Every structure is written in C-alpha cells, then in structure tokens.
DNA sequence: AAAGCACCCTGTACGC
DNA sequence: TGCGTACAGGGTGCTT
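In this note's numbering, the protein residues as written are 1 to 277.
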C-alpha cells in the first residue's frame with residue numbers, strides 16, 4: 001500500500017527513465033484505470049507528448065507534459081510500475097492495466113491486481129490535487145501549524161492524520177508508527193494533545209516518513225511491493241508495530257494491540273501510548 | 001466537524 | 001482437498 005515514502009521512492013526510480021522521453025505507444029487494458037478523460041482521448045493526448053519531470057504530491061505521482069497537460073497517477077492499494085528494457089518487451093503480467101512505450105523503446109507497465117489505481121490527464125493539476133493538505137516534509141508543516149490545526153478538533157487523532165485533506169501522504173502504516181513513536185494513543189481526541197505531545201508528533205511524522213524514504217520504501221506482506229526497477233524496499237524491517245498485534249512492544253515489552261478505527265486497523269501499545277495527556 | 005457506510009476489486013486466510 | 005465466504009484497504013461520495 002504505497003504511502004508517501006513509497007510514492008516518493010517510485011518517483012525517484014521513474015524519473016531518470018521518463019524525464020525528457022515521449023510516449024510512442026499507449027495501451028489501456030482496463031478502461032476504468034483511466035479516470036479522465038475517456039480512454040480514447042487519453043491515448044490521443046498522451047501519444048507524442050513528452051514528460052518534463054516526475055514529481056509527487058501526497059500519494060500522487062505528478063508528471064507535467066510538454067503539451068501543457070499533466071498526468072497524475074494514484075496507485076491506491078496495489079498499483080505498481082515496472083520499467084522493462086526494449087529487448088524484454090512489456091511482459092505478460094495478468095494484472096497489467098496500462099502499458100506505455102517510450103521513444104527509446106523502454107516499456108512502462110502499470111499493473112494493479114485490485115484495479116483501484118487511477119490515471120488522470122488534466123490541464124490543471126489542481127483539479128485533482130486541490131483538496132490535499134500540506135506536505136508533511138515541507139517547511140510549512142511546522143509544530144506550530146499542527147498545534148493550530150488540532151485546536152478544537154473533536155475527532156480521534158489517528159483518523160484525522162489519515163485524512164488527506166488534513167495532511168497529504170500519510171497512510172495506515174506510517175500513522176501507526178508515528179503515534180507509537182510520539183507515545184500518543186490513537187483514540188485521543190485531537191484537540192486535547194498538549195504542546196509537548198504535538199511537538200513529539202510533529203517530529204515523529206518527519207522521522208518515520210524520512211526513514212521510510214531513506215530505506216527506499218516498504219515492501220510488505222502478500223504484495224511484497226516491488227519498485228519500477230524490480231527491487232524491494234527495506235523499510236519493512238524497520239517498522240516497530242504495524243501488523244504486529246500480540247508481539248511485544250519494542251519500547252516497554254507489553255503486548256501490542258489492534259483496534260479498528262474508521263473501518264481500518266490501528267496498531268498501538270496500550271502501555272506507552274497513554275490514553276490521557 | 002465528525003462519523004458511518006457502500007462502493008470499487010481481488011488475493012488471501014479461514015472455516016467446514 | 002476443495003469450496004464458499006469474510007476480510008483488508010485508500011479514497012470518494014452520500015447520509016446522518
């Protein structure tokens with residue numbers, strides 16, 4: 001499940017292969033993968049267009065084109081890109097949903113078993129990105145900003161951190177890790193966090209995301225997330241609590257627990273993540 | 001503002 | 001062994 005560090009890792013791996021290249025072939029094998037425009041217009045507009053850069057905003061890949069349009073991709077749960085040499089061909093992955101050939105012959109293959117990922121080709125990227133909160137690794141994301149935004153909030157802190165309109169890029173794994181590191185209970189009412197807790201949380205978010213990127217992202221579980229160059233990330237070896245219910249807390253040794261918040265799993269330590277300030 | 005739920009999907013885990 | 005079913009999960013949209 002790609003979150004900010006995984007999408008950043010993917011962008012970095014796609015960048016050298018795609019920047020300056022143009023698309024000479026575009027095949028959409030699962031129509032609903034293309035959110036907009038319709039598949040026919042998508043193909044026509046992409047053919048011959050070249051990629052100016054490969055960026056990221058939240059969990060979106062952002063590829064401005066020389067045509068003035070921008071290709072945006074959200075991988076959702078199981079979307080992944082592969083880069084294949086011209087001699088290898090595009091392959092025959094049964095989950096292939098989009099395949100694109102570049103002007104140097106390299107194949108860019110998008111596979112997505114659960115078909116949740118989406119491509120957007122738009123004139124104004126804000127059309128897709130406008131609702132997103134700030135980038136958690138940018139200078140504007142300060143402890144002071146976080147403190148102000150949390151003030152008065154009655155919802156649970158974990159659910160709020162997952163809200164992309166609040167902060168862009170955090171997902172289930174990194175939110176659980178950040179709250180554990182900051183020693184804050186996931187059920188805490190957001191507006192009740194103390195200044196010290198908010199400062200710990202702010203620092204922890206930076207630490208877990210930075211660590212995830214430094215380790216080349218997470219390759220987890222059944223999906224064993226594979227990057228465009230065929231490699232695996234390393235960060236799964238550094239996760240402290242995610243998907244470890246019943247295991248001992250690395251900090252205090254007590255059994256980690258799993259609860260459900262907003263139809264989603266939350267992992268935490270009931271001892272060192274205090275329910276009260 | 002906050003929360004619940006259906007939906008989109010399929011691989012996997014689990015019960016019988 | 002084989003079959004059916006529940007479940008997971010990010011995001012959107014709708015409802016309360």
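Yeah, the Cβ is synthetic: ideal placement off N, Cα and C, and Gly gets one too. Predicted model only: the values in this text are computed from it and were never measured.
Query raised in the report: Smallest Cα separation from residue 214: which of 3, 2, 9, 1?
Result: Residue 214 sits at position 214 when you count from the first residue of the first chain. In terms of Cα proximity to residue 214, the closest of 3, 2, 9, 1 is 9.
Query raised in the report: If you drop the 5 nearest sequence neighbours on each side, which residues of the same chain put their C-beta closer than 7 Å to that of residue 240?
Result: Here the question's residue 240 lines up with position 240 in the first chain. The beta carbon of residue 240 sits closer than 7 Å to the beta carbons of 177, 180, 250 from its chain, once the five residues preceding and following it are set aside; these are given in chain order.
Query raised in the report: Ordered along the chain, which non-local residues of its own chain (more than five positions away) have a Cβ less than 6 Å from that of residue 182?
Result: Counting from 1 along the first chain, the entry for residue 182 is found at position 182. Same-chain partners within the cutoff: 200, 201, 204.
Query raised in the report: How far does the beta strand (DSSP E) with residue 129 in it reach, from first residue to last?
Result: Taking the first chain and counting its residues from 1, the one referred to as residue 129 is at position 129. Residue 129 -> not in any beta strand (DSSP E); alpha helix (DSSP H) instead, spanning 126-129.
Report task. List in chain order: all unbroken alpha helix (DSSP H) runs of 4+ residues lying wholly within the stretch 2-30. Result -> As far as the stretch 2-30 is concerned, its whole alpha helix (DSSP H) runs of at least 4 residues are 4-18.
Query raised in the report: For residue 273, which three-state DSSP category applies?
Result: Residue mapping note: residue 273 aligns to position 273 of the first chain, counting from 1. Reduced to three states, the DSSP call for residue 273 is coil.
Report task. Could you tell me whether the Cβ atoms of residue 281 and residue 78 are closer together than 8 Å? Result -> Residue 281 lies beyond the range of the chain shown here (1 to 277); nothing can be said about it.
**Report entry** Whether residue 147 touches residue 23 by CB criterion (8 Å)
**Finding:** Working through the first chain from its first residue, we reach residue 147 at position 147. Working through the first chain from its first residue, we reach residue 23 at position 23. In this structure, residue 147 lies away from residue 23, with their beta-carbon atoms at least 8 Å apart.
Requested in this report: Quick one: measure Cβ to Cβ for residue 156 and residue 190, integer angstroms, because I've assumed they're closer than 8 Å.
Outcome: Position 156 of the first chain, counted from the first residue, corresponds to residue 156. Position 190 of the first chain, counted from the first residue, corresponds to residue 190. Taking the Cβ atoms as the reference, residue 156 lies roughly 7 Å from residue 190, within the contact range of under 8 Å.
Query raised in the report: Would the beta-carbon of residue 273 fall within 8 Å of that of residue 184?
Result: Walking along the first chain from the start, residue 273 turns up at place 273. Walking along the first chain from the start, residue 184 turns up at place 184. For residue 273 and residue 184, yes; Cβs fall inside 8 Å.
Query raised in the report: Alpha carbon to alpha carbon, how far is residue 73 from residue 238?
Result: Translated into the one-based positions of the first chain, residue 73 becomes position 73. Translated into the one-based positions of the first chain, residue 238 becomes position 238. If you take the alpha carbons of residue 73 and residue 238, they lie about 27 Å apart.
Query raised in the report: How is residue 165 classed by DSSP in three states: helix, strand or coil?
Result: On the first chain, position 165 is the one that residue 165 refers to. Coil, per DSSP.
Requested in this report: Check whether the stretch 21-35 touches the stretch 80-98, taking contact to mean three or more Cβ pairs, one atom from each stretch, closer than 8 Å.
Outcome: Contact between the stretch 21-35 and the stretch 80-98 is present, because at least three Cβ pairs lie under 8 Å.
**Report entry** Three or more C-beta pairs below 8 Å linking the stretch 55-70 and the stretch 125-136
**Finding:** Judged by Cβ distances under 8 Å, the stretch 55-70 makes contact with the stretch 125-136, as three or more pairs qualify.
Query - Integer Cβ distance of residue 4 from residue 59, believed to fall under 8 Å - result: As a first step, residue 4 is located in the first chain; it is residue number 4 there, counting from the start. As a first step, residue 59 is located in the first chain; it is residue number 59 there, counting from the start. About 6 Å separates the two Cβ atoms, so the contact holds.
Query raised in the report: Using the C-alpha atoms, what's the distance from residue 2 back to residue 44?
Result: Walking along the first chain from the start, residue 44 turns up at place 44. Walking along the first chain from the start, residue 2 turns up at place 2. Taking the straight line from one Cα to the other gives about 29 Å.
Query raised in the report: So the alpha helix (DSSP H) residue 220 belongs to, where does it begin and stop?
Result: Sequence index remark: in the first chain, residue 220 carries index 220 (1-based). Premise fails: residue 220 is in no alpha helix (DSSP H) and is neither H nor E.
**Report entry** Secondary structure of residue 141, DSSP reduced to three states
**Finding:** On the first chain, residue 141 is found 141 positions in, with the first residue counted as 1. In this structure, residue 141 counts as coil in the three-state DSSP scheme.
Query raised in the report: Whose C-alpha, out of 17, 163, 218, 33, is nearest the C-alpha of residue 114?
Result: Position 114 of the first chain, counted from the start, is the residue given in the question as residue 114. Residue 114 has its Cα closest to that of 33, out of 17, 163, 218, 33.
Query raised in the report: If you count every other CB in all the chains shown that lies within 10 Å of the CB of residue 247, and 16 or more means buried, which is it?
Result: Locating residue 247 in the first chain gives position 247, where the first residue counts as 1. With fewer than 16 neighbouring CB atoms inside 10 Å of its own CB, residue 247 falls in the exposed class.
Query raised in the report: According to the neighbour-count rule (16 or more other Cβ atoms, all chains shown, within 10 Å of its Cβ), is residue 69 buried or exposed?
Result: What you label residue 69 is simply residue 69 of the first chain in a count that begins at 1. Classification for residue 69: buried.
Query raised in the report: So the beta strand (DSSP E) residue 266 belongs to, where does it begin and stop?
Result: Within the first chain, the letter at position 266 stands for residue 266. That run of the beta strand (DSSP E) goes 264-268.
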